[in-house]
Amino acid sequence: MSFIGINFDQLTQNITKLLEQAATIPDRAAVRQVEGAGEEPAQANYRKQLTSTVASQLANEIDSVRKFVEANAAAFQKAAASMQETEGADSLAARQADALVQDVVAAPSASPAPGTPPAPGNTGPKKW
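Residue numbers (our numbering): 30 to 157.
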C-alpha cells in the first residue's frame, strides 16, 4: 500500500507566493495606458491602435490571469484545509481503532483456554 504525503507548511507558503504574485500584476487601467510620442500623425495612429486593440486585449488577458491565480490559490487553501480536517479525523479513527485492538489484546480472556481445567467451584457451563 502506498501513501501520498503533503507538506502543509510548504503548500501554505506556495499559496502565499501565488497571492503575492497575483497582487503584483498590474490592473486593467495600468495595462491599457500606452505612453509614447504622438506628435506626428503616424505616431498618434500607432498609439491609438496600441491603445484600442493590443492594450485592451492584454488588459483582459492579464485580468483573467490574476483571477485564475487567485481562484486557484483559494481552491488550494480550501483543499488543504479539507485534507487537514480529513487527516485529523482519519488519524483519530486510526488511533481509536488501534486503542481498541490493544485493549482487546491486553484484556485477560473471560473464558479459559481450551484444555484448561475449570476453576474450583466452577463445574462448567450451567444448563438452565
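Here a beta-carbon is modelled for each residue, glycine too, at the ideal position from N, C-alpha and C.
Per DSSP, the unbroken alpha helix (DSSP H) holding Ile44 starts and ends at Phe37 to Thr53. Assigned with DSSP and collapsed to three states, Asp92 falls in helix. Distances from the CA of Arg57 to each of Ile44, Gln50, Asn89 and Glu49 were compared; the closest alpha carbon is that of Asn89. Straight through space, the alpha carbons of Lys46 and Ser85 are spaced by roughly 27 Å. Gln72 has its alpha-carbon roughly 28 Å from the corresponding atom of Asp92. In the structure shown, the three-state DSSP call for Glu99 is helix. When the beta-carbon positions are compared, Thr80 and Val63 come within less than 8 Å of each other. Residue state for Ala66 is assigned as coil, using DSSP reduced to three classes. Residue burial annotation: Ala103 is exposed, with fewer than 16 other C-beta atoms found within 10 angstroms of its C-beta.
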